[in-house]
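Asks:
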Amino acid sequence: MQPVPGPALSRGTERPRTAPAEILSHRSRSFAPVSTVGADLLRIVSDPSTPVFLTVHAGGRRRYSYWQPLDDRSGRGSCYVALPTDECDALHRAGRITLGDPVVDPARTIYRVRTVDTSMRATRATRREARTA
Numbered sequence: 711m712q713p714v715p716g717p718a719l720s721r722g723t724e725r726p727r728t729a730p731a732e733i734l735s736h737r738s739r740s741f742a743p744v745s746t747v748g749a750d751l752l753r754i755v756s757d758p759s760t761p762v763f764l765t766v767h768a769g770g771r772r773r774y775s776y777w778q779p780l781d782d783r784s785g786r787g788s789c790y791v792a793l794p795t796d797e798c799d800a801l802h803r804a805g806r807i808t809l810g811d812p813v814v815d816p817a818r819t820i821y822r823v824r825t826v827d828t829s830m831r832a833t834r835a836t837r838r839e840a841r842t843a
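Here the sequence shown is numbered in our numbering, starting from 711 and rising by one per residue.
1) Just checking my contact of Val791 with Thr808 at CB under 8 Å: how many whole Å lie between their CB atoms?
2) Would you mind giving the Cβ-Cβ distance between Ser775 and Leu751, rounded to the nearest angstrom? I have them listed as a contact below 8 Å.
3) Alpha helix (DSSP H) containing Leu780: first to last residue?
4) Distance, Cα to Cα, Gly748 vs Gly769?
5) Verify the CB distance criterion: does Glu797 have a CB-CB separation below 9 Å to chain D?
6) How many Å lie between Leu764 and Val823 at the Cα?
7) Would you tell me roughly how many angstroms separate the C-alpha atoms of Arg771 and His802, rounded to the nearest one?
8) Using the three-state DSSP reduction, which class does Val826 fall into: helix, strand or coil?
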């Protein structure tokens, strides 16, 4: 589970200056199939050239997003693209994506979103150990 910083109070006020980050509980990676939207989200998150972030605002609002660079051919891009929060939260609960260390700002907390390592090396090693035992 990710460490969550407690809300710190601003000088002379009673208002928290950091966003209280609600880290969703998740289980180990599930092998259940994901929806079409979930598969598209995993493709976006797993692309190393497209860093995806979760922003938790001071009021508790959550937003998954990434920066879409300008595409010279189509003239589209150069903007932030929001991802469906419900689908991303479902992927996090299912153990398909993980959150990095928090970057705390007075109005929000930002986490880097990455896919969970899905290599079969660990599964193969476990099977090998079971056969030799």
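Where is the CB? At the ideal position from N, CA and C, for every residue including glycine.
Replies: Taking the coordinates as given:
1) Taking the first residue of the sequence shown as position 1, residue 791 is located at position 81. Taking the first residue of the sequence shown as position 1, residue 808 is located at position 98. Between Thr808 and Val791 the Cβ distance is about 21 Å, and since that is not below 8 Å, they are no contact.
2) Here the question's residue 775 lines up with position 65 in the sequence shown. Here the question's residue 751 lines up with position 41 in the sequence shown. Contact flag wrong, Cβ pair sits at about 12 Å.
3) The count along the sequence shown starts at 1 and reaches residue 780 at position 70. No alpha helix (DSSP H) contains Leu780, which DSSP labels as neither H nor E.
4) For this step, residue 748 is matched to residue 38 along the sequence shown. For this step, residue 769 is matched to residue 59 along the sequence shown. When rounded, the distance between both Cα atoms is 26 Å.
5) Protein chains in the displayed structure number just one, and chain D is not present.
6) By one-based count along the sequence shown, residue 764 stands at place 54. By one-based count along the sequence shown, residue 823 stands at place 113. In a straight line, the C-alpha of Leu764 is about 7 Å away from that of Val823.
7) Walking along the sequence shown from the start, residue 771 turns up at place 61. Walking along the sequence shown from the start, residue 802 turns up at place 92. Between Arg771 and His802, the C-alpha separation is close to 16 Å.
8) Position 116 of the sequence shown, counting from 1, holds the residue named residue 826. Note: Val826 maps to coil in three-state DSSP.
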